[in-house]
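The sequence shown begins at 21 in the working numbering and counts up one residue at a time.
The structure under discussion appears below in the form of structure tokens.
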Amino acid sequence: MTLIFEDKTVEKGLHAFVIGVGDFPFAKPDLGTNPKLQAVRDLPSAADSAKLMCDWLLANRDSMTPRLRSLEVLISDVPGGDTRYLARDARVLQPIGRADSATVPTAGGDWIGRLDEDEGSTAFFYACGHGANHGMQPVLFLSDINRRTGGDAWSHLNIGVMAQAFRQKPEIAAASFLLDACGEYVPVFPDNARENGFITPDIPGPTDRDKVWLLAAASAGSLAYPGVSTEDLLHDPRYAPQFEEKVDSGSGVRFGRFTQTLIKGLEGSSSRWSNAGWHVDAMGLWSDLRQLHRIYFPAWKDKPFEPSQVMSPNIRLTLIRHDAPRLPVVVEIDPPQRAADFDLRIGLSGDGDQPWIGVGGGRTPGPWVTHIAADRSRPYYALAIDPNAPPPPCHSSFFMADQPQFDQRVTIP
């Protein structure tokens, strides 16, 4: 159990619990108790993804809504993992407890204790590792899988059951659960496998409230994947500097594709105006994920990306606020055959007059991805301009910069 951050001056704060499971020492040939569990590959990207999420939470602790009050962490990493991904924050570099059937219930109980002590607080849970769908619920396998006998060999944490139990906690205002793991069906996973959890729901639950968000990287029966980012997401000086150079040096660093896409949206690309400010909220981020994946990580078309919203809140669950976010704008020519005939711009008027806010797209097939500052005060226009064409030399499409704009089409008659 490792509590790497706590600020008790924050009242009704955000209490985070991060788990990364990348090492499975008992699930190898000739080891463990169950022959069916002797070929579980290690997953260093899960440990690195958890470290990345810790870095991100600590870097943004004062912008989280509510502000970060505590951060509990468990990470099982393969030997040598401390030299593979060097976290930006020194607190993530300290020795951290492993995520197994003994430590997870204890650390989880401590996490719940802090939530209960800080009445009106908000829970944040993130986990990455090998997962499955068990009894129509997403689960995460723990590091000591195949250490014990019988059904206990399947050491796991049922994230769906835990999220259901949090619906019944009157002490908390809201809870977010983010799981970067596969959701495949495992036929040999026995129904009687005992879960290593730390909270279970009551049925019926008179205190049930729709205040919990559970988002999984993969829908039931599908897989989740790691990947190398080609974007500047991880060059942010607040965390993970010079990420691509470390990949090029042969370090083998990978993060979950779901995790990277989440962070891209949380960093501001999924901002919307609410509560007198710019915020990224749960439902907005969920609705943006596939588009964020498409425009920021185009090289990842090789694998499916099928995140699943397992549980949704009926409240506006804001995650982070931004003072001046920049929003993505995706512009395309319709019909696409005319794309090579026009320059693409973002302007303040539909007639193509300067000043232009965005310059650089067009004359090539496919969409143009640009960014503009979030702004509710005036309209913007996507412009297709060809000064040498017969009148009119400009065609436009109107939009407001109050949310991400993933489908701005300029129609050419």
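C-beta atoms are modelled at their ideal positions from N, C-alpha and C, and glycine is treated no differently.
Close Cβ partners of residue i (< 6 Å) along its chain, the five nearest in sequence each way excluded
i      : result
Glu264 : Confidence in Glu264 is poor, its pLDDT being 28 and thus under 50, which makes the residue's placement too unreliable to answer from.
Tyr205 : Asn153, Gly241
Cys148 : Gly40, Ala66, Ser69, Ala70, Asp200, Gly276
Phe426 : Gln311, Val350
Leu23  : Glu92
Leu253 : Note that Leu253 scores 39 on pLDDT, short of 50, meaning its location in the model is unreliable; the coordinates nonetheless yield the value given after this. Same-chain partners within the cutoff: Lys284.
Pro221 : Gln184, Ala185, Gln188
Asp172 : Arg214
Ala359 : Ile353, Pro385
Asp97  : Gly42, Asp43, Ala67
Thr431 : Asp354
C-beta atoms of residue i and residue j nearer than 8 Å
i      : j      : result
Val41  : Leu160 : yes
Arg398 : Leu368 : yes
Gly381 : Tyr401 : no
Ala36  : Phe197 : no
Phe46  : Asn166 : yes
Leu94  : Ala119 : yes
Asp128 : Phe25  : The question names Asp, but residue 128 in the sequence shown is Gly. It is not a contact, given that the beta carbons lie outside the stated cut-off.
Val330 : Leu234 : yes
Beta-carbon contacts of residue i that lie in its chain and below 8 Å, excluding the five residues immediately before and after
i      : result
Glu215 : Val159, His176, Leu177, Asn178, Val181
Gly203 : Gly151, Ala152, Asn153, Pro158, Ala236, Ala237, Ala238, Ser239, Ala240, Gly241, Ser242, Leu243, Ala244, Ser328
Ile315 : Pro348, Val350, Pro387, Val389, Phe426
Arg346 : Gly288, Ser289, His391, Ile392, Ala393, Ala394
Ala421 : Leu347, Val349, Ile392, Ala393, Ala394, Asp395, Arg396, Tyr400
Pro413 : Gly372, Ile405, Asp406, Pro407
Val49  : Inspection of the sequence shows that residue 49 is occupied by Pro rather than by Val. Here the set comprises Gln58, Ala59.
Buried or exposed (CB count within 10 angstroms, at least 16 for buried), residue i
i      : result
Glu31  : exposed
Lys323 : exposed
Leu113 : exposed
Ile223 : exposed
Val208 : exposed
Phe418 : exposed
Asp301 : buried
Asp343 : exposed
Lys357 : Going by the sequence as given, residue 357 is Gln instead of Lys. Under this definition Gln357 is an exposed residue.
Leu17  : Any property of residue 17 remains undetermined from this structure, which presents the chain solely from 21 to 433.
Met156 : exposed
Asp164 : buried
Gly100 : exposed
Gly297 : exposed
Arg61  : exposed
Gly170 : exposed
Arg365 : buried
For residue i, three-class secondary structure by DSSP
i      : result
Glu137 : helix
Phe218 : coil
Met156 : coil
Phe25  : strand
Glu326 : coil
Gly100 : coil
Cys148 : strand
Ile223 : coil
Glu287 : helix
Ser196 : strand
Ile353 : strand
Cys74  : helix
Thr142 : strand
Ser239 : coil
Thr431 : strand
Ile366 : strand
Phe186 : helix
Asp130 : helix
Phe278 : helix
Tyr245 : coil
Gly171 : helix
Pro55  : helix
Ser65  : helix
Ile392 : strand
Leu106 : coil
Same chain, Cβ closer than 7 Å to residue i, neighbours up to 5 away in sequence not counted
i      : result
Tyr245 : Arg277, Lys323
Lys266 : Reliability fails at Lys266, whose pLDDT of 29 lies under 50, so the model's placement of it is uncertain and no value is given.
Arg258 : Here the model assigns Arg258 a pLDDT of 34, short of 50, so the residue's position is not dependable and the matter cannot be decided.
Leu162 : Val41, Ala119, Asp120, Ser121, Val124, Ser175, His176, Leu177, Asn216
Beta-carbon separation (whole angstroms), residue i vs residue j, contact threshold 8 Å
i      : j      : result
Ala404 : His415 : 5 Å
Thr85  : Ile335 : Incorrect: roughly 12 Å between the Cβ atoms, too far for contact.
Arg292 : Gln423 : 5 Å
Arg134 : Thr53  : That pair is no contact at about 35 Å.
Ala194 : Thr142 : 5 Å
Asp27  : Arg89  : 6 Å
Pro290 : Asp308 : Before going further, note that residue 290 is Ser rather than Pro in the sequence given. Rounded, the Cβ-Cβ distance is 5 Å, consistent with contact.
Glu33  : Asp138 : The question names Glu, but residue 33 is Gly in the sequence shown. Rounded, the Cβ-Cβ distance is 6 Å, consistent with contact.
Neighbour flag for residue i against chain C, beta carbons, 8 Å
i     : result
Asp68 : No chain C appears in the structure shown, which is made up of a single protein chain.
Cβ-heavy atom distance, residue i to the ligand ZN, below 7 Å
i     : result
Leu57 : For the ligand ZN, the structure offers nothing, since it holds no ligand at all.
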